[in-house]
Every structure is written in C-alpha cells, then in structure tokens.
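Chemist: Can you read through this structure? Questions will come right after.
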Amino acid sequence: MADRIRYGHRTVPLAARPARLLAGLARRFADEEYVGYEDAAGYRFALGAAALVTVDRDTVRVSGAGPVSARVEQWEQSPYPVLERVLAELEIEDWRAYGTADFELCHAGGPLHRTLGPRPLLRLMVPETEIVFDGAAAQVRGADPGRLDAVAALLAGLDDAEPDRAATPVPVDRDGADAYRAAVRAAVSSIRAGELQKVILSRVVPLATDVDLPATYLEGRRNNDPARSFLLRIGGLEATGFSPEIVVSVERGGRVTAQPLAGTRAMLADPEATARARADLLSDEKEIFEHAISVKAVHEEMAGLCGTESSVVEEFLEVKERGSVQHLGSRISGVLPRGRGPWDAFEALFPSITASGIPKAAAYRQIQAHEPGPRGLYSGAVLSVDHTGVLDAALVLRAVYRAEGRTWLRAGAGVVALSTPEREFEETCEKLQSVARYIVPVAMDGAPAPAEDAERTRVAEGIRAEVAGLLELEPEDLDVRENLTLQGITSLEIMTLAGRWNRDGDPVQYSDMLERPTIEDWTRLRAARH
Numbered sequence: 001m002a003d004r005i006r007y008g009h010r011t012v013p014l015a016a017r018p019a020r021l022l023a024g025l026a027r028r029f030a031d032e033e034y035v036g037y038e039d040a041a042g043y044r045f046a047l048g049a050a051a052l053v054t055v056d057r058d059t060v061r062v063s064g065a066g067p068v069s070a071r072v073e074q075w076e077q078s079p080y081p082v083l084e085r086v087l088a089e090l091e092i093e094d095w096r097a098y099g100t101a102d103f104e105l106c107h108a109g110g111p112l113h114r115t116l117g118p119r120p121l122l123r124l125m126v127p128e129t130e131i132v133f134d135g136a137a138a139q140v141r142g143a144d145p146g147r148l149d150a151v152a153a154l155l156a157g158l159d160d161a162e163p164d165r166a167a168t169p170v171p172v173d174r175d176g177a178d179a180y181r182a183a184v185r186a187a188v189s190s191i192r193a194g195e196l197q198k199v200i201l202s203r204v205v206p207l208a209t210d211v212d213l214p215a216t217y218l219e220g221r222r223n224n225d226p227a228r229s230f231l232l233r234i235g236g237l238e239a240t241g242f243s244p245e246i247v248v249s250v251e252r253g254g255r256v257t258a259q260p261l262a263g264t265r266a267m268l269a270d271p272e273a274t275a276r277a278r279a280d281l282l283s284d285e286k287e288i289f290e291h292a293i294s295v296k297a298v299h300e301e302m303a304g305l306c307g308t309e310s311s312v313v314e315e316f317l318e319v320k321e322r323g324s325v326q327h328l329g330s331r332i333s334g335v336l337p338r339g340r341g342p343w344d345a346f347e348a349l350f351p352s353i354t355a356s357g358i359p360k361a362a363a364y365r366q367i368q369a370h371e372p373g374p375r376g377l378y379s380g381a382v383l384s385v386d387h388t389g390v391l392d393a394a395l396v397l398r399a400v401y402r403a404e405g406r407t408w409l410r411a412g413a414g415v416v417a418l419s420t421p422e423r424e425f426e427e428t429c430e431k432l433q434s435v436a437r438y439i440v441p442v443a444m445d446g447a448p449a450p451a452e453d454a455e456r457t458r459v460a461e462g463i464r465a466e467v468a469g470l471l472e473l474e475p476e477d478l479d480v481r482e483n484l485t486l487q488g489i490t491s492l493e494i495m496t497l498a499g500r501w502n503r504d505g506d507p508v509q510y511s512d513m514l515e516r517p518t519i520e521d522w523t524r525l526r527a528a529r530h
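Numbering of the sequence shown is given in the UniProt record's numbering, commencing with residue 1 and proceeding in unit increments.
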C-alpha cells in the first residue's frame, strides 16, 4: 500500500465558547484557507489543505502535498460519480472534507452547461489541521506534528480570543428596488402563462464599508437562531452566514433529510406583533400555496432517490424562527437504497427547491434572465462530507460575502402567481436584516473598532439605570443584549423614553427603539448622536 497521510491527535481543554474560539482562529489564520462550520453536532474548524478537490465545467481536479496524488479527470453527463471515486481514493486515512458548492453547479451537465465559465463550481478541502469542539474540550487532529502542536497550543491560549465589537447596521431598502420589482412582475407573467409554478429571484446589496468578518460572525450568531452557521475563506472568497435550512443531510446509516422553508413574515420587537404576523403567515393563501408546492417537489425528489415507501414528510407547516424572520418549515426524509451514496443524495436535492423554483429547469432560465450575473455561493451550499458517507450541506442564505475587492449581501423571495412586486421586495428586506443589522466594520487603521468607548459606556449605564427603574430591577440584573419587551417593558414606556431622550437633545426614533429593544441597540442609537 502506498504511503498515506495519518492524523495525529491532541485534546485541548477549552476556556471560552466554541463560536468565540472559531472567530478567534479565523482572525489568527486570516491569510490561510479555512472553513469554520456549525452543524447539528456542534462547531468545527478546518485549516489548510492536505488535499483540495475541485469540480469545474469539464473536470474533477485533485491537488495536495506528500502522498496525495495530483490528478485531473474529465467527467461526462455528471461530475458526481468521478467526484465520489476520487474522494474514495484519497491517500488520507479517515478523511473529512469541507467546502463550498456554487449555485451554478446545478448547470453542470444540464441544458445551461454551455453558460458555465472556467471557475470551479465546487471546492472541497481535506484539512491539514481539524478542530472539533466537543463540550469542555476540543479534539485537534493534524497531518503535520509540528503544526498540530502549534495549533493546539494556540487554541489553549484563546480563553478571551474575540471580544465583543460594535455593529453598524446597514440599510437594505435602497439598492435595486425598481429593477427587482420589475423582475418580479415579469416572473409573475411567466408563471401565469404556465411556464413554471415558482421562482426565487434575488437582489444584491453592495456594502461600502470594510467588514470585520469574524466579529460580524459573532454578532450575527448571537442574534440569529440558524440551522447551520459558517465562517470561511476558500478559493478567493470570504463569507460568513447563518443558514436557515439544510439542503440535505446524510447519516451514516443512509438516512437522508431535507428541510425546506418557504413562506415568510418578519420577527418584530413587540411579541404581540410577532404573534399576529405568525397567525397571518399560517393563514395567508399565497404563503401556504408556496410552501405546499415546495414540499411536494422536495418529496418527489426524495422519492426518486429513496423510493416512495421510505420517503416521508415528518413535519409540515411548522413555524421556524430564524433571526429577523419566521418561516413555514417542513422536514422530509428517506433511506438510501443499496448502491446509492451521499453524492446521489446531493445531486438529487441540490440546489434547494426553496432557493431555485418549480420546476427547476424553468426556474433556472428565469433566474438567468432576471438576475445580473452568476449567483456564486449565494443559494449554493457550505458542506462537509467524510469517508463513512456522512454528508451535511447548509443552504447558503443570510450571509455576507467578500471577493475581488467587493463586499455584498444578497437575498431573494419566492415568486408565485399570487405574488406582488412590493411584498416580494419587502420580504427581501426582512431577510437581509438577519445579517445587515449585525455588520461590524473594520476601523480605518485596520484594527477592529472597539465595542464601547468612554462615551458609549456612559450612555449605556444611563440607559440601564433608566430601564431598571421602569422594571423595578437592579441595573446589574439587566443583560445589555436581552430583548426588553420580554423583560416586561411596554410600548408606552418605550415611547416615554424616546420622548425624554429627544427633549434631552438625542433625536432617537420610537420606531427604531421598538424594532431593536435592547440596551445595546439603544446605546448605539443615542451614542451616534453625541
């Protein structure tokens, strides 16, 4: 047997939360390629490439160091059989790969294959060093003993690796509004003409600020409840995001799960308003139709993969809260038959119905007609896969992206026959807020902006004291990030505070305070006026 890469192992006790450590590692290895990924089992961080596997419009390519054999193989009809084989033949024991799949991977071998450029569509990195956060300890494994010891020592010292930093929310309702509404009108016409049932159309919001991605990951993760989260730098792209759903997961025994979300309403500062929005979501004809046809389509894909007997809708029309929005959600599962593996499941279910449309082929044409250029990672996947056949792929939404000197957000909405341009544009704004509220800029000197200067501290303590008085609590009992409406503050009391602060010379808006009812957010509103 040829030489193989074998990992060494270390166990490192932890003195901080995994998300904070993941962000700290990303900052310290900012010039290297890495993938930080949170799935249902917890957090992992993959650093450096012992092997890199890519798929482009014609080939599957493998590169690496040591015993990993460089190779280029042509694929025909579908890249997945070749991909599965070259991964199985990697000269790495117990490998696990992490990476990204661009949305346009769906065109490989399909009617729109000729539109693909030369760039890779899928990138998988088998890490040189991997960290798995496991309760109060981290399991670190590495291909290079010296590097393994260095990373383990660094991790042991990251007890306060990533201090909190201030976000600067960015507006999301100014870019591309007219063009987006026009695209929705055109798509509705195509749907009513019988060309398709549904299409997800997206729009881009460029960011002028230089974004501190590790700090943005921490701030966004604290304020979102994602199905998956990620922070990565791979293939010239940097991104962080808070995925509301999975494309597909495959367990070791062959169980396959998909989790479509379709149908949206905002999560509001007032719990009663959020409850009304939830009730409206559950009774809205357009939203229920959009969700039902999505679940039907995913079930058909699952049945085609696993057979009708094992394909089951396990949840239907459950409301899932995801940061700034709430969605209608369902879960469909099946069991892979003998002879089929994780890449068969990925091929059957990627891209997600809820980020493309129904039927997919017609939706792809609408997306190409109405969106300016390739989507790239947006509505694609961040994924992990290992030598046992376990695969987990997160749908990439609610993310911020940086590449080639540009930084941007992107979000879409599901367009059906009952859609209106204004409501679909509003839905994109609601989804964008899951990230836009938590953008942390980099200071002009390149150092992350501090979370609180002396003035901010003074303002925060004053607000804490005022709110504590209203709630008849001690100031130290109030968490600056806790939703104050859940603590019992009323809309009238918020209005009273807004009036008082305006009279004191701080022109804050009651609506802004109601939308973000935390001491931290109110501090930002007031400190910005000083």
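Note that beta-carbon positions come from the ideal geometry of N, C-alpha and C, so glycine has one too.
Bridge partners of S324, per DSSP?
Modeler: Here the question's residue 324 lines up with position 324 in the sequence shown. DSSP, once it has assigned bridges, lists no residue as partnering S324.
Chemist: So what's E452 in DSSP terms, helix, strand or just coil?
Modeler: Position 452 of the sequence shown, counted from the start, is the residue given in the question as residue 452. With a pLDDT of 43 at E452, under the threshold of 50, the modelled position of that residue is not reliable, and the figure given next carries that caveat. Three-state result, E452: coil.
Chemist: Quick one: grab the DSSP three-state call for P359.
Modeler: For the purposes of this step, residue 359 is identified with residue 359 of the sequence shown, where counting begins at 1. Looking at P359 - three-state DSSP - the assignment turns out to be coil, as it is neither helix nor strand.
Chemist: If contact is defined by three or more beta carbon pairs under 8 Å, each pair taking one atom from either stretch, is the region 264-280 in contact with the region 323-333?
Modeler: Yes, the region 323-333 is in contact with the region 264-280.
Chemist: What are the start and end residues of the alpha helix (DSSP H) that includes Y510?
Modeler: On the sequence shown, position 510 is the one that residue 510 refers to. Y510 to E515 is the extent of the alpha helix (DSSP H) around Y510.
Chemist: Buried or exposed for M302, please, with buried defined as at least 16 other CB atoms from any protein chain shown within 10 angstroms of its CB.
Modeler: Here residue 302 refers to the residue found at position 302 of the sequence shown. The residue in question, M302, is buried, as its Cβ has 16 or more Cβ neighbours within 10 Å.
Chemist: Three or more C-beta pairs under 8 Å: does that hold for the region 188-195 against the region 383-400?
Modeler: The region 188-195 is not in contact with the region 383-400.
Chemist: Tell me whether R6 sits in a helix, a strand or coil according to DSSP, three-state version.
Modeler: Taking the sequence shown and counting its residues from 1, one reaches residue 6 at position 6. Looking at R6 - three-state DSSP - the assignment turns out to be coil, as it is neither helix nor strand.
Chemist: Between V211, G8, G263 and P226, which has its C-alpha nearest I439's C-alpha?
Modeler: For the purposes of this step, residue 439 is taken as the residue at position 439 of the sequence shown. The candidate whose alpha carbon is nearest that of I439 is V211.
Chemist: Going by DSSP, name the residue or residues bridged to I234.
Modeler: Sequence index remark: in the sequence shown, residue 234 carries index 234 (1-based). According to DSSP, I234 bridges with L237.
Chemist: With DSSP run on the structure shown, which of helix, strand or coil describes V172?
Modeler: Translated into positions along the sequence shown, residue 172 becomes position 172. Looking at V172 - three-state DSSP - the assignment turns out to be coil, as it is neither helix nor strand.
Chemist: Can you tell me which of K431, D3, P18 and E371 puts its alpha carbon nearest to the alpha carbon of L155?
Modeler: Within the sequence shown, the letter at position 155 stands for residue 155. For the residues K431, D3, P18 and E371, the minimum Cα distance to L155 belongs to P18.
Chemist: Helix, strand or coil for W408? Go by DSSP, reduced to three states.
Modeler: Position 408 of the sequence shown, counted from the first residue, corresponds to residue 408. Note: W408 maps to strand in three-state DSSP.
Chemist: Looking at the strands, I want to know which residues DSSP matches up with I288.
Modeler: If you number the sequence shown from 1, residue 288 lands on position 288. I288 is not bridged to any residue.
Chemist: Helix, strand or coil for F29, going by three-state DSSP, please let me know.
Modeler: The residue given as residue 29 occupies position 29 in the sequence shown. In this structure, F29 counts as coil in the three-state DSSP scheme.
Chemist: Between the region 101-111 and the region 35-44, are three or more C-beta pairs nearer than 8 Å?
Modeler: As far as the Cβ criterion goes, the region 101-111 does not touch the region 35-44, which means the pair count is below three.
Chemist: With a threshold of 8 Å, are at least 3 pairs of Cβ atoms found where one atom belongs to the region 49-65 and the other to the region 77-91?
Modeler: Touching, yes, given that three or more Cβ pairs across the two stretches are closer than 8 Å.
Chemist: Determine the direct distance from the alpha carbon of G146 to that of K320, and round the result to whole angstroms.
Modeler: As a working mapping, residue 320 is identified with position 320 in the sequence shown. As a working mapping, residue 146 is identified with position 146 in the sequence shown. If you take the alpha carbons of K320 and G146, they lie about 45 Å apart.
Chemist: DSSP state of A447, grouped into three classes?
Modeler: Sequence index remark: in the sequence shown, residue 447 carries index 447 (1-based). Interpretation of A447 is limited by its pLDDT of 49, a score under 50 that renders its predicted location unreliable; the figure taken from the coordinates is listed afterwards. The answer is coil: DSSP assigns A447 none of H, G, I, E or B.
Chemist: What does DSSP give as the partner residues of V140 in its beta bridges?
Modeler: Working through the sequence shown from its first residue, we reach residue 140 at position 140. According to DSSP, V140 bridges with R10 and I131.
Chemist: Can you list the alpha helix (DSSP H) stretches of 4 or more residues lying completely in the region 262-288, in chain order?
Modeler: Fully enclosed alpha helix (DSSP H) runs of 4 or longer: 271-283.
Chemist: At which residue ranges does the region 331-398 contain complete alpha helix (DSSP H) runs of 4 or more residues, listed in the order of the chain?
Modeler: Counting only runs of 4 or more, we get 342-349 and 360-370.
Chemist: Going by C-alpha to C-alpha distance, which of L201, E520 and L432 sits closest to P421?
Modeler: What you label residue 421 is simply residue 421 of the sequence shown in a count that begins at 1. The candidate whose alpha carbon is nearest that of P421 is L201.
Chemist: Report all residues from its chain with a CB closer than 6 Å to the CB of D173; omit the five preceding and five following residues, and keep chain order.
Modeler: Counting from 1 along the sequence shown, the entry for residue 173 is found at position 173. If we look at D173 and ignore the five residues flanking it on each side, its Cβ neighbours are C429.
Chemist: For L112, which of helix, strand or coil comes out of DSSP?
Modeler: The sequence position of residue 112 within the sequence shown is 112, counting from 1. Reduced to three states, the DSSP call for L112 is coil.
Chemist: Could you tell me the alpha carbon to alpha carbon distance between G109 and E76, rounded to whole angstroms?
Modeler: For this step, residue 109 is matched to residue 109 along the sequence shown. For this step, residue 76 is matched to residue 76 along the sequence shown. G109 and E76: Cα-Cα distance of roughly 7 Å.
Chemist: Using 8 Å for Cβ pairs, my map puts A70 next to V126. What's the rounded Cβ distance?
Modeler: Indexing the sequence shown from 1 puts residue 70 at position 70. Indexing the sequence shown from 1 puts residue 126 at position 126. With 8 Å as the limit, A70 and V126 do not qualify as a contact, their Cβ atoms being about 14 Å apart.
Chemist: Keeping to the same chain, check which residues put their C-beta closer than 6 Å to that of G446; ignore five residues upstream and five downstream.
Modeler: As a first step, residue 446 is located in the sequence shown; it is residue number 446 there, counting from the start. Unreliable positioning characterises G446 in this predicted model, as indicated by a pLDDT of 46, which lies under 50. A coordinate reading is not provided.
Chemist: Could you name the residues that DSSP lists as bridge partners for K198?
Modeler: Taking the sequence shown and counting its residues from 1, the one referred to as residue 198 is at position 198. I358, per the DSSP bridge assignment.
Chemist: Taking Cβ positions, are P517 and A269 nearer each other than 9 Å?
Modeler: Position 517 of the sequence shown, counting from 1, holds the residue named residue 517. Position 269 of the sequence shown, counting from 1, holds the residue named residue 269. Yes, they are a contact pair.
Chemist: Determine the closest residue to M267 out of E238, L432, R228 and R203, with distance taken between C-alpha atoms.
Modeler: Residue numbering aside, residue 267 sits at position 267 when the sequence shown is read from its first letter. When only C-alpha atoms are compared, the closest one is L432.
Chemist: Output yes or no for whether 9 Å exceeds the beta carbon distance between R481 and E515.
Modeler: To locate residue 481, count along the sequence shown from 1; it is residue 481. To locate residue 515, count along the sequence shown from 1; it is residue 515. No, the Cβ-Cβ distance between R481 and E515 is not below 9 Å.
Chemist: Going by CA-CA distance only, name the one from V415, G376 and T496 that's closest to E238.
Modeler: Numbered from its first residue, the sequence shown carries residue 238 at position 238. Comparing Cα positions, the closest option is G376.
Chemist: Can you tell me where the beta strand (DSSP E) holding D225 begins and where it ends?
Modeler: One-based indexing of the sequence shown puts residue 225 at position 225. Unbroken run through D225: none, as it is neither H nor E.
Chemist: DSSP three-state call for S311: helix, strand or coil?
Modeler: Sequence index remark: in the sequence shown, residue 311 carries index 311 (1-based). S311 falls in the coil class under three-state DSSP.
Chemist: I'd like to check one pair, A46 with R123: are the Cβ atoms closer than 9 Å?
Modeler: Numbered from its first residue, the sequence shown carries residue 123 at position 123. Numbered from its first residue, the sequence shown carries residue 46 at position 46. No, they are not a contact pair.
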